[in-house]
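Going by the working numbering, the sequence shown opens with residue 5, and the numbers climb by one from there. Beta carbons: idealized from backbone N, C-alpha and C, even for Gly.
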Amino acid sequence: MKEKPDNINRRDFLRTVGAAGLGGSIALTAAADAKEKTTDPNAPRRIQKIKLPTRTLGKTGVKVPILALGMMFDALEKQIVLRKALELGVTYWDTAYSYGGEKSERGIAKFLAKNPDVRKHLFIATKASTSGKPRTIDLIEKRLHQSLKKLNISRIDLYYGMHDISNPAELTDDLRKWAESAKKRNLIRFFGISTHRNMPACLQAAAKLDWIDVVMTTYNFRVMQKKEMQDAIQACHKAGTGLVAMKTQTRKQKPISDEDEKVVGHFLKRGFTLGQAKIKAVLADKRFTSVAIGRDNISHLTLNVAAVLDKTKLTKEDMDVFAEYARTTCSGYCAGCADICSDACPDVPCISEVMRHLMYYNGYGDHQNARELFARIPARIRKKLLTTDYSLAEARCPQHMPIAELIAEAVNKLA
Ligand code: SF4
Numbered sequence: 005m006k007e008k009p010d011n012i013n014r015r016d017f018l019r020t021v022g023a024a025g026l027g028g029s030i031a032l033t034a035a036a037d038a039k040e041k042t043t044d045p046n047a048p049r050r051i052q053k054i055k056l057p058t059r060t061l062g063k064t065g066v067k068v069p070i071l072a073l074g075m076m077f078d079a080l081e082k083q084i085v086l087r088k089a090l091e092l093g094v095t096y097w098d099t100a101y102s103y104g105g106e107k108s109e110r111g112i113a114k115f116l117a118k119n120p121d122v123r124k125h126l127f128i129a130t131k132a133s134t135s136g137k138p139r140t141i142d143l144i145e146k147r148l149h150q151s152l153k154k155l156n157i158s159r160i161d162l163y164y165g166m167h168d169i170s171n172p173a174e175l176t177d178d179l180r181k182w183a184e185s186a187k188k189r190n191l192i193r194f195f196g197i198s199t200h201r202n203m204p205a206c207l208q209a210a211a212k213l214d215w216i217d218v219v220m221t222t223y224n225f226r227v228m229q230k231k232e233m234q235d236a237i238q239a240c241h242k243a244g245t246g247l248v249a250m251k252t253q254t255r256k257q258k259p260i261s262d263e264d265e266k267v268v269g270h271f272l273k274r275g276f277t278l279g280q281a282k283i284k285a286v287l288a289d290k291r292f293t294s295v296a297i298g299r300d301n302i303s304h305l306t307l308n309v310a311a312v313l314d315k316t317k318l319t320k321e322d323m324d325v326f327a328e329y330a331r332t333t334c335s336g337y338c339a340g341c342a343d344i345c346s347d348a349c350p351d352v353p354c355i356s357e358v359m360r361h362l363m364y365y366n367g368y369g370d371h372q373n374a375r376e377l378f379a380r381i382p383a384r385i386r387k388k389l390l391t392t393d394y395s396l397a398e399a400r401c402p403q404h405m406p407i408a409e410l411i412a413e414a415v416n417k418l419a
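As C-alpha cells, this is what we get:
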C-alpha cells in the first residue's frame, strides 16, 4: 500500500523537509493537499491547510501565529507567495509604508481585492516610515491614512507609529495622545514601535509606557548573548508588552568562512538548515510571541514553516554552538548599538544604518532596497562618509568591526 505523507512520522517528515532545500515546498504542500483530500473530498478548498502554533501578543490578548510574513508584497509574483502563506497558516503579515519603494502595502490590497473573505483571518501590521523626513505627529497621522488607503482596509491591526526608533526621547506624551486617538477613531487596534538601533534603551523605555502594546525588535542568536538586551526584553515581558522579533535570520557582512561551515554542518546533522535553527533559537524564548521573517519566495517560506512546526527543541549544546559562532564571527555583524559609534563620530551619526544597508546588500542580496535606504541618509552626511576618521569608533565598537573598510565598501556598492 502506498504510504501517505500523513502516515510518515511527523518529526521525520518535517526535518526532512527542513534539510531538503527546494524540495521542501513541494513536500509540505503535498502533505497538506493529501490531508485535505482524505478528510473530506467534497469540501471546498480551504485556504488555511496548516495550523501554525500561536502565542498571545502581550497585553493585546490576541493570539497570532509564531511565524509572521514580513516582506515586500509589491511585485506581481508575490501574490503567489501570499496565497502560499495563507495555505501554510502564516496569517500574520508585516509590512511598512516604505517597503518595496512604497508599493508593498498595495500588494496586500491587491490580494484582498481578489480574496475579500481572507481579511478576517489576517493580522496585518504596518509601520509609519518617515522616508527621510523629520518625524512629527502630523507625519505619523498622514502616514496612517496613506497606509490605510494603500492597504484598502478600514483598520490596521498593529500600527508601528514609531518605526526604526533609536532614541527613547521620541516616545513623547504627544505620541501617546496620538496613539490613543488613533485607537479611539478605530483606525488601529494596537500601537507599537519598532527598533533595530539602541534596542535595549528603546525596549526599557517602552516597558515603562503602558500605551505601547508591542515592540518589534532585532533579536537573534547574536544579540541574545548581550546582557543589556536580556534585561530589556525581561522588562517588556514583565510589563506585558508584546514582543515580535525581526532580523532573526541575520547574515554576516563577510563571505563564508570556516566558522560558517562548522555551524552549518552542526545544524544539518541535527536535521535543520542554519536558517531554521536561527528561528528555533529565538522561538525557544517564550517571551517572544512571533518572529517576522522577510523571506519572499515559497521555498524559504516553506522551510520556515517546517521549522516552527517541528517540535524538536534546541539543546544546550546547540545554543552553545550559536554563542561560540556569535563570538568568533562578531566582527561581521553590527549589533545596532548606534550611540557608541555616533558618539565617537558625531559628524556621521549613521554608521549603524550604513552597516544595516550593507547587510541588506551583502547578506540578503536586496540591492534595490539597500540603495534606496542609503539614499535617504542626508546628502551632507553621505559626503563625509569617505573622509571621516573612524579609528575611535573602531576602538569602541564592541563587535570589533572594521568600520572604515565597511563604510568604503558601502559607499562603493550603495552610492
Ligand atoms: S558599528 Fe559597532 S558600535 Fe556601531 S552600531 Fe555597529 S556594532 Fe555598534
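- Taking 7 Å as the cut-off, one finds at least one heavy atom of ligand 1 near enough to the beta carbon of Ala339.
- Under the 8 Å Cβ criterion, the stretch 362 to 379 does not count as touching the stretch 388 to 401, having fewer than three qualifying pairs.
- Val218 carries a strand assignment under DSSP once its states are collapsed to helix, strand and coil.
- The way I'd put it, the stretch 285 to 292 doesn't touch the stretch 130 to 145; fewer than three beta-carbon pairs between them come closer than 8 Å.
- Check the Cα spacing between Ala249 and each of Lys273, His270, Met203 and Glu265: the tightest is with Met203.
- With 16 or more neighbouring CB atoms inside 10 Å of its own CB, Glu109 falls in the buried class.
- Gly275 has its alpha-carbon roughly 42 Å from the corresponding atom of Ile381.
- The closest CA to that of Pro406, considering only Glu145, Val358 and Thr277, is found on Val358.
- Rounded to the nearest whole angstrom, the C-alpha separation of Val85 and Arg400 is 43 Å.
- Per the DSSP secondary-structure output, Thr277 pairs with nothing in a beta bridge.
- Taken through DSSP and simplified to helix, strand or coil, Phe194 comes out as strand.
- Here Gly65 is exposed. Its C-beta has fewer than 16 other C-beta atoms within 10 Å.
- A straight-line Cα-Cα distance of about 25 Å links Leu278 and Arg201.
- Shown here, Asp98 sits in a strand according to DSSP, grouped into three states.
- Each of Thr130, Asn119, Ala339 and Ser303 was checked against the Cα of Arg255, and the nearest Cα belongs to Ala339.
- The stretch 186 to 198 and the stretch 155 to 167 touch, with three or more beta-carbon pairs separated by less than 8 Å.
- Thr245 has no beta-bridge partner at all, per DSSP.
- With contacts defined by Cβ atoms closer than 8 Å, Leu155 and Leu305 do not form a contacting pair.
- Its Cα nearest to that of Pro57, the residue Lys290 stands out among Arg87, Lys290 and Asn224.
- Cβ atoms of Thr252 and Val295 come within 8 Å of each other, at about 5 Å.
- Glu263 is positioned such that its CB atom lies no closer than 8 Å to that of Tyr337.
- For the stretch 114 to 143, the full-length beta strand (DSSP E) segments reaching 3 residues or more read 127 to 131 along the chain.
- In the three-state DSSP reduction, Lys154 falls in the helix class (H, G or I).
- By the C-beta criterion, the stretch 309 to 317 is judged not to be in contact with the stretch 343 to 355, since fewer than 3 inter-stretch pairs fall below 8 Å.
- Gln208 sits close to Ala239, with the two beta carbons spaced by under 8 Å.
- With a cut-off of 8 Å on Cβ pairs, the stretch 223 to 239 is not in contact with the stretch 174 to 184, counting fewer than three such pairs.
- For the 8 Å CB-CB criterion, Leu377 and Gly246 do not form a contact.
- Take Phe115, set aside five residues on each side of it, and the residues of its chain with a beta-carbon closer than 7 Å to its own are Gln83 and Leu86, in chain order.
- Closer than 7 Å to some heavy atom of ligand 1: that describes the Cβ of Ile407.
- Taking C-beta atoms under 8 Å as the contact rule, Lys282 and Asn224 qualify, at a distance of about 6 Å.
- In this structure Phe127 is not in contact with Gly104, their Cβ atoms being roughly 20 Å apart against a cut-off of 8 Å.
- Taking C-beta atoms as the reference points, Ala210 and Val219 count as a pair closer than 8 Å.
- One thing to note: Leu362 has its Cβ within 8 Å of the Cβ of Leu418.
- A residue is called buried when at least 16 other Cβ atoms come within 10 angstroms of its Cβ; His149 does not meet this threshold and is exposed.
- A straight-line Cα-Cα distance of about 10 Å links Ala327 and Lys320.
- Sorting Ala342, Val68, Lys387 and Lys266 by C-alpha distance to the C-alpha of Lys124 places Val68 at the top.
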